[in-house]
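K.L.:
Dumping the structure here so I can ask a few things about it.
There are 2 protein chains.
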Amino acid sequence: MHKRILIVEDEDSIRDMVAFALRKAGMDPMHAADARAAQLAIADTVPDLILLDWMLPGTSGLELARRLRREELTSEVPIIMLTARGEEMDRVNGLEAGVDDYVVKPFSTRELIARVKAVLRRSQGDDGSGVVEIGGLKIDGPAHRVFAGEEAVPIGPTEYRLLYFFMTHPERVYSRAQLLDHVWGGSVYVEERTVDVHIRRLRKTLEPWNLEGMVQTVRGAGYRFSASV
Amino acid sequence: MHKRILIVEDEDSIRDMVAFALRKAGMDPMHAADARAAQLAIADTVPDLILLDWMLPGTSGLELARRLRREELTSEVPIIMLTARGEEMDRVNGLEAGVDDYVVKPFSTRELIARVKAVLRRSQGDDGSGVVEIGGLKIDGPAHRVFAGEEAVPIGPTEYRLLYFFMTHPERVYSRAQLLDHVWGGSVYVEERTVDVHIRRLRKTLEPWNLEGMVQTVRGAGYRFSASV
DNA sequence: GGACAGTGTTACGCAACCGTGACAACTGTG
DNA sequence: CACAGTTGTCACGGTTGCGTAACACTGTCC
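Heads up: the sequence lines are chains X and E, in that order.
Residue 89 in this note's numbering sits at position 107 of the first sequence, with consecutive numbering throughout.
Residue 194 in this note's numbering sits at position 212 of the second sequence, with consecutive numbering throughout.
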């Protein structure tokens, strides 16, 4: 789950500091010194988040943000602005341009990482409410309920926990042992094949809505939950 | 509907001032001087809201907030942080830890009370009138009455409190322990199975209006009150 | 194409969980 | 003090969901 973060910043010292912090936090930093380099980098690989310096040589950060919003590929990539103190006045313009958050220089790397994580969380549907929705399937943690579209899905406790884990960790393969750890809780011993059976049961409960394809088998590796069939 | 507010603050003067203001506003203040005392107080009775000083001797307010969020019983008790000016930098950390609001010292008691009320209102689906209506069932807090459509529903004290809690916290699962804490009040010890019996009694009182389906069992998790069947 | 490992499917016994009715203790009232 | 209303607890029975084994099936590698 290495998140790719593009840093658009002309000062080397700040760029290196941020890159180091991001790498330490398990993310994958790329960088560009100005707007042109940023667009080239994005054309190559669309990042999961962009850290954008307000003041850039040539095209300003604000102008770049506006452009990125207009492009289809980048219209949903979250942007965090790096601003110097005193530039805060322009917050309004930033919000208008679709910026997701601000960090005021000088900032601690801890604060930056916290904001990056928060924005990433928000951008992936996890808004902290405990409700996750993926491909027509919705799971409501607090209410302990599952919906396929508008209909409630009857589901047992273990199937529910399994589905909840999958929906909060989609697009990723988990071995039977890992699933036992996360869903059953590690301290109890059950056979690995038990996972298979519950996978089967989960598929069966999703069958009436033709969603059983979301639970996918990866031969020799485990199971994956995915929106795409 | 006396709301229990826990004040976690080591300075006597502030604590007393806040307690006095809260009492005047019709709430029920408890207090603790540090994190340890706070946890003991909570173990006795889960409050409806926590006022938490940022700087505490020993465990910091932030750390305590994180802990409380992890505990099932207190995971949804709203927290308002009391911070000194200049500590605002750490807002990010606070939001991450699930803090609901901030009040910056020095604050007026009027402001504090306003925030407390706002947060309390937000934390339960209460618009302030004390009257809640869900799916044909209406509960009138001030009048201490329940209506199914136009008809009054005869209901006992405990059933009433249980129903009131459910109707102010619908669409959400509560374990028996949580219900005991919120409806019975925490400081008394009763068996968890007692909840079952009162659930049963509540269902029976709602039966003549075919509303017993609103009280739902979630096997292995607890009970939920919901308009949808 | 044959052998084998990996996976899907089904059936079954068991344990956990929950609903229900009965009952005794408690409370307040006249 | 008697009585009605209310409450907490217990015990029993039924149901649900669970883990496991056994077997069928599928894909892969030589």
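Positions of the beta carbon are idealized from the N, C-alpha and C atoms, including for glycine.
#1: For M193 of chain X, which beta-bridge partners are listed by DSSP?
#2: P139 of chain X: which of E:G43, E:H13 and E:R201 sits nearest, CA to CA?
#3: Can you name the residues of chain E whose CB is closer than 7 Å to the CB of A66 of chain X?
#4: What does a CB cutoff of less than 7 Å around V127 of chain E pick up in its chain, not counting 5 residues either side in sequence?
#5: Compare the C-beta of R183 of chain E against all C-beta atoms of chain X and say whether one is closer than 8 Å.
#6: Expressed to the nearest angstrom, what Euclidean distance is found between the alpha-carbon atoms of L119 of chain E and E194 of chain E?
#7: Could you tell me whether the stretch 162 to 172 of chain E touches the stretch 27 to 37 of chain E, where touching means 3 or more Cβ pairs closer than 8 Å?
#8: Could you list which residues in chain E have their beta carbon closer than 7 Å to that of H126 of chain X, in chain order?
#9: With distances taken from CA atoms, which of E:L33, E:E(-9), E:Y156 and E:E93 is nearest L55 of chain E?
#10: Going by alpha carbons, who is nearest to A14 of chain E out of E:P124, E:I24, E:R5 and E:A96?
#11: Buried or exposed for G204 of chain X, please, with buried defined as at least 16 other CB atoms from any protein chain shown within 10 angstroms of its CB.
#12: For L162 of chain X versus E174 of chain X, is the C-beta distance shorter than 8 Å?
#13: Can you tell which of E:R185, E:F147 and E:I(-13) has its C-alpha closest to the C-alpha of P60 of chain E?
#14: Which same chain residues, not among the five before or five after A21 of chain E, have their C-beta less than 7 Å away from its C-beta?
#15: Can you tell me which of X:H(-16), X:S42 and X:A209 puts its alpha carbon nearest to the alpha carbon of D10 of chain X?
#16: Cβ-heavy atom distance between D178 of chain X and the ligand FMN below 7 Å?
#17: Which value, in whole angstroms, describes the spacing of the CA atoms of L33 of chain X and L38 of chain E?
#18: On the DSSP letters alone, give me the boundaries of the beta strand (DSSP E) that G12 of chain E sits inside.
#19: Could you check whether the Cβ of A134 of chain X sits closer than 8 Å to any Cβ belonging to chain E?
#20: Please tell me whether P139 of chain X has its Cβ less than 8 Å away from any Cβ of chain E.
#21: Could you say which of E:I121, E:K99 and E:L4 lies nearest to P152 of chain E if we only look at CA atoms?
#22: Between the Cα of E115 of chain E and the Cα atoms of E:E53, E:T91 and E:A209, which residue gives the shortest distance?
#23: Report the three-state DSSP secondary structure of A209 of chain E (helix, strand or coil).
#24: Ignoring anything shorter than 4 residues or poking outside the stretch 29 to 69 of chain X, list the alpha helix (DSSP H) runs there in chain order.
#25: What separation, rounded to the nearest whole angstrom, lies between the Cα atoms of W36 of chain E and T41 of chain X?
#26: Cutting at 6 Å between CB atoms, please list the residues of its own chain near T91 of chain X, excluding the five before and the five after it.
#27: Going by the DSSP bridge assignment, what does R127 of chain X pair with across the sheet?
P.N.:
So, from the data block:
#1: Counting from one through the first sequence, the residue named residue 193 of chain X turns up at place 211. It should be noted that the sequence gives Leu, not Met, for residue 193 of chain X. Beta-bridge pairing links L193 of chain X to no other residue.
#2: The count along the first sequence starts at 1 and reaches residue 139 of chain X at position 157. If you compare the alpha carbons of E:G43, E:H13 and E:R201 with that of P139 of chain X, the shortest gap goes to E:R201.
#3: In the first sequence, residue 66 of chain X corresponds to position 84, counting from 1. Going along chain E, no residue has its Cβ under 7 Å from A66 of chain X, so there is no contact; the nearest lies around 16 Å.
#4: Translated into the one-based positions of the second sequence, residue 127 of chain E becomes position 145. Reading off the sequence shown, one finds Arg at residue 127 of chain E, where the question assumed Val. Closer than 7 Å at Cβ, skipping near neighbours: A134.
#5: As a position in the second sequence, residue 183 of chain E is number 201, starting the count at 1. Answer no: the Cβ-Cβ gap between R183 of chain E and chain X never drops below 8 Å.
#6: Position 137 of the second sequence holds residue 119 of chain E. Position 212 of the second sequence holds residue 194 of chain E. Distance between the alpha carbons of L119 of chain E and E194 of chain E: 11 Å.
#7: Taking 8 Å as the limit for Cβ pairs, the verdict is that the stretch 27 to 37 of chain E does touch the stretch 162 to 172 of chain E.
#8: If you number the first sequence from 1, residue 126 of chain X lands on position 144. The answer, in chain order, is V155, V200, A203 and R206.
#9: Indexing the second sequence from 1 puts residue 55 of chain E at position 73. Checked all of E:L33, E:E(-9), E:Y156 and E:E93; the closest Cα to L55 of chain E is E:Y156.
#10: Your numbering for residue 14 of chain E matches position 32 in the second sequence. The residue with the shortest Cα to Cα distance from A14 of chain E is E:I24.
#11: Translated into positions along the first sequence, residue 204 of chain X becomes position 222. Here G204 of chain X is buried: its Cβ has 16 or more other Cβ atoms, across all protein chains shown, within 10 Å.
#12: Against the first sequence, residue 162 of chain X aligns to sequence position 180. Against the first sequence, residue 174 of chain X aligns to sequence position 192. Result yes, Cβ atoms of L162 of chain X and E174 of chain X sit closer than 8 Å.
#13: By one-based count along the second sequence, residue 60 of chain E stands at place 78. Cα-wise, what sits closest to P60 of chain E is E:I(-13).
#14: One-based indexing of the second sequence puts residue 21 of chain E at position 39. Reading the sequence as shown, one finds Gln at residue 21 of chain E and not Ala. Cβ neighbours of Q21 of chain E beyond the five flanking positions: none.
#15: Counted from its first residue, the first sequence places residue 10 of chain X at position 28. Ranking the options by Cα distance to D10 of chain X, first place goes to X:H(-16).
#16: Ligands in the displayed structure: none, and consequently the ligand FMN is not present.
#17: Here residue 33 of chain X refers to the residue found at position 51 of the first sequence. Here residue 38 of chain E refers to the residue found at position 56 of the second sequence. C-alpha of L33 of chain X to C-alpha of L38 of chain E: approximately 35 Å in a straight line.
#18: Taking the first residue of the second sequence as 1, we reach residue 12 of chain E at position 30. The question names Gly, but residue 12 of chain E in the sequence shown is Met. Boundaries of the beta strand (DSSP E) harbouring M12 of chain E: D10 to A14, taken from the DSSP string.
#19: Taking the first residue of the first sequence as position 1, residue 134 of chain X is located at position 152. The C-beta of A134 of chain X comes closer than 8 Å to at least one C-beta of chain E.
#20: The residue you call residue 139 of chain X lines up with position 157 of the first sequence. By this cut-off, P139 of chain X is an interface position.
#21: Locating residue 152 of chain E in the second sequence gives position 170, counting from the first residue. Per the Cα distances, E:I121.
#22: By one-based count along the second sequence, residue 115 of chain E stands at place 133. Closest by C-alpha distance to E115 of chain E, out of E:E53, E:T91 and E:A209, is E:A209.
#23: Counting from 1 along the second sequence, the entry for residue 209 of chain E is found at position 227. Coil, per DSSP.
#24: For the stretch 29 to 69 of chain X, the continuous alpha helix (DSSP H) assignments of 4+ residues that do not extend past its boundaries occur at 43 to 52, in sequence order.
#25: Locating residue 36 of chain E in the second sequence gives position 54, where the first residue counts as 1. Locating residue 41 of chain X in the first sequence gives position 59, where the first residue counts as 1. Each residue's alpha carbon lies about 42 Å from the other.
#26: The residue you call residue 91 of chain X lines up with position 109 of the first sequence. Excluding residues within five positions, the ones whose Cβ falls inside 6 Å are A3.
#27: To locate residue 127 of chain X, count along the first sequence from 1; it is residue 145. Answer is X:D122, bridged to R127 of chain X.
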